[in-house]
Ligand code: C2E
Ligand code: CA
Ligand code: CA
Ligand code: CA
């Protein structure tokens, strides 16, 4: 597959002959980059779906600040990283950066929680839940300062194992969310048993709910489903005020999207948070 950054062009050489070499180059540079601390986080706010649109948390999204190639987006390197068993290291770095930033915000009187995305290998690692517990203790953070997001497809890759790990993660105290809900070919049966707090409805449904009655019906009924299961629902991909108002009508709890705020670096996010006077 072609590796492209959000700018559209190939980040690393592609083409059939070059493919294997490009992959190796990327991995070598990624290992070095990890050692040099080149991974950075951008943060995208989550707000309540009401007139106040109060900020309750932010999602941490990883980027690779490459010294020559510039800012590289996750879609361009996470797949390769996973295939080379580098995701464990990446998650550890991301969790550490996220907790450090959350600590800083708490100290500045901005009590936002930070959500981190997990991968298949994290849920396979039997030591992972304890790692999360140790991290929260090290940073002196209350467990609710951290949320962990797991996509449906990650959950389905190794469902029995994933369920066990989620149960143990839940004991460590952070909130748990199912990400990209509705796209992972999963069934309703796992909703009966998953120990999660939040469902994040995929933007494929959310972004179309203003123009497509079927999408609107799916969004509306998923809100009701989540609520009847005692879960909160988070709509992602909210790109304009019209969708926000619709979500309000459906009783959706939280929203995230370019229409509210784009992911930004920590400094810009802090300014944004202070501007909203959430303190
Ligand atoms: P995701 O977890 O579903 O994150 C949301 C993605 O949608 C982000 O892209 C975000 O920038 C983008 N987005 C947010 N609001 C809107 C909107 O209104 N419209 C549109 N069109 N897009 C929006 P990003 O940062 O490129 O991340 C892509 C994916 O990479 C993430 O999807 C997540 O699955 C993965 N990812 C990002 N950071 C991490 C990480 O630290 N660890 C792991 N394991 N995966 C990560
Ligand atoms: Ca996510
Ligand atoms: Ca998502
Ligand atoms: Ca996604």
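In full-length UniProt numbering, the protein residues as written are 470 to 748.
Ideal Cβ positions, reconstructed from N, Cα and C, are used throughout, including at glycine.
Given the structure is predicted, the values throughout are model-derived calculations rather than measurements.
- With a threshold of 7 Å, the Cβ atom of residue 501 does not count as near ligand 1, since no heavy atom of the ligand is closer than that.
- Near ligand 2, meaning a beta-carbon closer than 6 Å to one of its heavy atoms, we find 528, 586, 618, 648.
- Per DSSP, reduced to three states, the secondary structure at residue 539 is strand.
- Exclusion of residue 515 from the 7 Å shell around ligand 3 follows from its C-beta lying no nearer than that to any non-hydrogen atom of the ligand.
- Taking 8 Å as the cut-off, the beta carbon of residue 585 is found no closer than this to the beta carbon of residue 619.
- When only Cα atoms are considered, residue 489 and residue 498 end up about 14 Å apart.
- Three or more pairs of CB atoms, one per stretch, sit closer than 8 Å, so the region 702-711 contacts the region 663-680.
- Contact between residue 525 and residue 582 is confirmed by a C-beta separation of about 7 Å, below the 8 Å threshold.
- With 5 Å as the limit, the residues whose C-beta approaches any heavy atom of ligand 1 more closely are 530, 531, 542, 543, 563, 586, 588, 706, 708, 726, 727, 732, in sequence along the chain.
- By the neighbour-count criterion, in which 16 or more other beta carbons inside 10 Å mark a residue as buried, residue 715 falls on the buried side.
- With three or more CB-CB distances shorter than 8 Å, the region 635-649 counts as touching the region 658-670.
- Considering only 624, 591, 516, the residue with the shortest C-alpha distance to residue 558 is 591.
- Between residue 626 and residue 651, the CB-CB gap reaches or exceeds 8 Å.
- Beta-bridge partners assigned by DSSP to residue 704: 670, 724.
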